[in-house]
Amino acid sequence: NFISRNFTASMIDLIGVAVGNIVSHEAGHTFGLFHTNNANSSIQLIDMGGTGIADFAGVGNDGFFGTGDDVNVVFGTDFLTSIFSGSQDSINTLAFGLSTAANFGLDFGDAPDDYPTLLGNPANSTEGGARHSLEGNLTLGSLIDYEPDGQPSLDALGDGLDDDGVSFLDHDGNETTSIASSDAFGTIEVYASGEGYLQGWIDFNRDGVWDDSEQIVTDYYVTAGTNAIPQFAIPTGTEFVIGDTYARFRLSTQAGLGVTGLAPDGEVEDYKITLTETRNGEIFFEADEYKEGGLVKDYESGDLIKIIVIDGDLYGNSTINVTVTSSGGDLETVVLTETGYGRFEGTIQSSPGTLVTGNGVLEIVFGETITASYEDDDTGEGQPGNYLGEFVPAGLLNSPRDLVFGPNGNLYVSNGFETSGGADHTVERFNGLTGEPEGSFVIPGSGGIKVPNGMAFGPDGNLYVASTGTGEILRYDGQTGALIPGVFASVGNQPRFITFGPDGNLYVGTTGLQKRVYQIDFATGAASIFVDAIELNGDAPYGLAFDADGNLFVASFGNNEILKFDSNGIEVPNGPFISAGTGGLSSPRGLTIRDGILYVANGATESILRFDTVTGNLVDSGSYTYGATIELPYGVTFGPDNNLYVVDSDLGTVLRFAGPDGTETPETKTSTANVVAQFVDFGDAPPSFPNDIGDPDGEGAKHAINANGLHLGANVSDETNGKESVNANLDNFDDGILLNPIIAGDNASTVTIISSGSGYIDAWMDFNGDGDWDDPNEKILSSRAVVAGVNSVSFVVPPNVYVGNIAARFRLSSAGGLSTTGNAADGEVEDYLVSVLPQGTISLLPNDPNRPGQTALFITGTQGNDNIFLSQTSGTNIIMVRINGVVLGEYTPTGGVYIWGLAGNDTIIVDDTFYNRETMIFGGKGNDFLQGGRGNDVLIGGDGNDTLEGGPDGFDILIGGTGSDYIRGHNEQLYTNYGSNGDILIGGSTVYDNGITQLFAIYQEWISADPFGDRVDSIRTRVQNTAAGINNVRLDSTTVFDDGDLDQLYGAVARGDDWFLLDLGLDINNAGGNDIRE
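Residue numbering for the sequence shown follows the working numbering, beginning at 634 and increasing consecutively.
What follows is the structure in structure tokens.
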């Protein structure tokens, strides 16, 4: 300790000096004085204690401590050579004592050990963790205790209840433990047991270090009790990292403390706080490459939709609910779970199915939009000082100056360019709720007004206006704006701001040659000087405001100060009350006071500053207002909504900022996503029908090719647009609908629908042939349910149907309810031309549907009992047709023969003169007798109890249909020399009973040269009619149905191999050893 003392003094004297000098050491340090070798060697002064104290001064040979020959020694390098004898001049003298800084104990921090909490942290520092001597009982809060070292803990509660001196406050003044990324400022309140200097840090970037830039309080002097600390700015961007972090506060009589090291008194308190997401909530759909604030997500029906909400106000809630709607009409509630610090995530499954609201599934179709929304109870945009927007838009005012809210809640603004000559010198009125203009309250020239400036409503409810250009105070009716005759007061010298005092009198500041504050007697209008130019330091008084104690605050515009005068006009001592430059104070204009806080329209910072009206201290660490620059702040006042309104004279507008209590700004937050389809199937009907995108006949039918795999037939094709075609045959995968020709005059027909899964069919036919599907009765199926596999469905045929080829459209979807146009979320659209044949006619059609390029003979019966007989002239291709005993002609088709009996009990015979002629015969309703020829025949009995004879030869297919049928493939007794070819005999019905192209596919395989077993296996599995674009046709348990009636099926036992498909428990059959029966 560099004791300058001649060591001839007594040991007691020497120790006394040492004690006096060593008092600055930490409490509990042991010091000593000793001779290291003998009485004549250097005396050593040592210090046992304290981090980093290693070298100790030794007295040199001159015997004086602190002179040039003193040496540094390290404690422990010297040693005693003999036992201590206790006298000063003994060979080895030693004395010890305890530092007079008594061991009051130490208080340490309790932040996690990443921070400088322990005595040995940081390792590379000589200062060690923050610690305070308990001497003096200066505390943060009411509690403090002794610790031997830091108490690092993840919750910063290692110090127990002692961390009770600092409270974080939200914008409503409530205690909180979180700060949101959208908060512009933070607020703390500190309770201290006495006076001292406060330091504070928050690790905003969460890097485990309290950087210098993260100090939020620096040497702020607090007093005993509760102290409101100036607001501190919240960093943005990468300097604010969401998550849990830590704050440190230190109070001591010693200023300038850092985050480490010893303080002679006071306390250190560490806190865990949470940095949350923005309070201005966001909701969005998760996108593949989501960037906040940007990308719109596209979904396909069937996707799992993920929704995210970010809202720091909701931090700590385990779940929140959001609403998801579709433009198609669905509405669902989705529960989101908190995943961290105000971030919530949840999903909802979308579906192409039938729309059902509230079922937890979002049914959507491409082309729609989906919207997710939630109620953000407070966006945080109303936190104190935040810019809430233009209340009076720019362009409605000319160089406005002052503003005041009237008793009726409306806003009044003094207006007019000083050099305009008075044409715009008015007081404008605006709706106090909306800011909508309501016209000039004081019109140009009223009372000779010139350059209207400060305004105030008086106790009488009338409006008082300073006319700067005339030096007068004018009075106007508070209801009508009409001039109250006479000049209320004349003060000259350019009166500017005015205000009514607590005494009911009017106070006016003049800024001309005589710079004064006048008191105007309210009863008489007489003016007297309240504050003279000398007391104003010769400067022009601008804004005026009284506090609750009757003190007058004056903005000294030129001197850049705020002056304070008592109710007698006497300046408070030690003025100015607020010095130039405090918080950037310069060129102050308008003033207003709320709850003991002075608000100053400050020109230099282009903002509003706040000061404590008692202490003059700056309330905020910077400007109160933020979010917008006020280019020339002039008048300032509070509105009925408790928000702050400021005139920007340069921009000609009135701006609104949130008041000190903040304002809740609820808002429904939404986000929108598109429903799209990557692959789409279109129709291919003739050109007059709606097929294409943007088709003038209507938007074409479009189906998303959905991942659920729902389609008609074997597959579905992806197209970029419709493929309108005269014959409706350009879509290669139109293979899911099996249609019979329709017979004109018949009242019903059937269609076979092959679906890959369960869904609904909507279908139309252009029965009147006018080129559209818009007419009544043209929708033949309306959301008819189908299942996976083959579905046989009947439909009504109206009378007077057009004879010829008519267009049909079939649409399969999970939802149903489709029209001929528009989008479907899944399924397929297939278009066809359907032949409509007249009853009782014989037609040689130019194109056989099963044999392209060949002609076909179509014969239709009637609704009665018909007898149709066909024979072929031997050695020719000529077919004679006789109906009901009348020969109706001879025909020479190059393709097949197709016969429909329709209703009634019909007899249809193709005699044995038919060689190598393929015939299809459909009995229809009634008890029919059908007989094939010598060629290959397909006979379908239809409804009723029918008899089917396969004829003398050929590979025949005989399908009984419903009813008790008698089916014989080959009559061995009658045709003993023929019938070596096998037949297919089916007692019930199939899904192909109306499908000539599908039956032909089976027929082609049946007549092939493959072995019998191979042909059966192929037909069981899959066959196709390439010419007709038909595939995936098969006979198995999904396509062949028992009719529940007793059928008799007989094949040729001695000739050919037959395949029986029957009701094994009911039907009679004569299947032989080589036949297949199932």
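Even glycine gets a Cβ: it sits at the ideal position worked out from N, Cα and C.
Bear in mind that the values here come from a model prediction, so they are computed numbers and not experimental data.
Residues Pro1040 and Gly1111 of the same chain have their beta carbon placed closer than 7 Å to that of Gly1094, with the five preceding and five following residues left out of the count. One alpha carbon belongs to Tyr779, the other to Arg764, and they sit about 10 Å apart.
If you keep only unbroken beta strand (DSSP E) runs of at least 3 residues inside the segment 1087-1161, you get 1096-1100, 1105-1109, 1128-1133, 1139-1143 and 1149-1153. Under the DSSP assignment, Glu915 falls in the beta strand (DSSP E) whose first and last residues are Glu915 to Phe918. The beta carbons of Tyr824 and Thr851 sit no closer together than 8 Å. Relative to Ala1027, the option among Gly1677, Tyr1097, Leu1466 and Gly1068 whose CA is nearest is Gly1068.
Bounds of the beta strand (DSSP E) holding Ala1441 are Gly1437 to Ser1446. The three-state reading of DSSP puts Ile1652 in helix, counting H, G and I together. Apart from the 5 residues on each side of it in sequence, Gly991 has no Cβ closer than 6 Å to any other Cβ in its chain. Per DSSP, Thr1262 lies in no beta strand (DSSP E) segment and is marked neither H nor E.
In this structure Ile867 is not in contact with Glu822, their Cβ atoms being roughly 17 Å apart against a cut-off of 8 Å. Under the 8 Å Cβ criterion, the segment 1478-1492 does not count as touching the segment 1349-1359, having fewer than three qualifying pairs. Taking Gln848 as the centre and dropping the five residues before and after it, the same chain places the C-beta of Trp834 closer than 6 Å to its C-beta, in chain order. Per DSSP, the continuous alpha helix (DSSP H) segment holding Tyr1636 begins and ends at Ile1629 to Trp1639. A direct Cα-to-Cα measurement between Thr1546 and Gly1698 gives close to 38 Å. Taking the CA atoms as reference points, Ala1156 sits about 27 Å from Leu1169. A distance below 6 Å between beta-carbons, with the five flanking residues on each side excluded, links Ile1516 to the following residues of its chain, in chain order: Ile1501.
For Ser1161, the CB contacts under 6 Å within the same chain, skipping 5 residues up- and downstream, are Gln1152 in chain order.
Taking the Cβ atoms as the reference, Asp1399 lies roughly 5 Å from Ile1439, within the contact range of under 8 Å. Segment contact: the segment 1269-1280 against the segment 1129-1146, fewer than three CB-CB distances shorter than 8 Å; contact not assigned. Counting along the chain, no beta strand (DSSP E) covers Asn1192, and no H or E run does either. Under the criterion of beta carbons closer than 8 Å, Asp944 and Pro1299 do not qualify as touching, at roughly 12 Å. Each of Ala1056, Val967, Asp1182 and Leu776 was checked against the Cα of Thr956, and the nearest Cα belongs to Val967. Following the DSSP letters along the chain, one finds Glu1061 inside the beta strand (DSSP E) bounded by residues Thr1059 to Phe1063. By the neighbour-count criterion, in which 16 or more other beta carbons inside 10 Å mark a residue as buried, Gln1505 falls on the buried side. CA-CA distance, Gly1577 to Leu1414, rounds to 25 Å.
A distance below 6 Å between beta-carbons, with the five flanking residues on each side excluded, links Trp1692 to the following residues of its chain, in chain order: Ile1617, Val1649 and Ile1709. In the displayed model, Asp903 falls within a strand according to three-state DSSP. Cβ neighbours of Tyr1524 within its own chain (closer than 6 Å, five residues either side excluded): Leu1477, Leu1490 and Ile1512. Here the segment 1171-1187 makes contact with the segment 1218-1226; the two share three or more CB pairs at distances below 8 Å. The beta carbon of Gly1497 sits closer than 6 Å to the beta carbons of Gly1537 from its chain, once the five residues preceding and following it are set aside; these are given in chain order. Scanning its chain for C-beta atoms nearer than 8 Å, with the 5 sequence neighbours on each side dropped, one finds around Leu1265 the residues Gly1236, Glu1239, Asp1281, Ser1282, Asp1283 and Leu1284, in chain order. Taking 8 Å as the cut-off, the Cβ atoms of Val1025 and Val994 do not count as close. Counting along the chain, no beta strand (DSSP E) covers Thr1474, and no H or E run does either. Here the alpha carbons of Val1656 and Leu1572 stand approximately 19 Å from one another.
Nearest in C-alpha terms to Val1624, of all of Gly1104, Asp1676 and Gly1646, is Asp1676.
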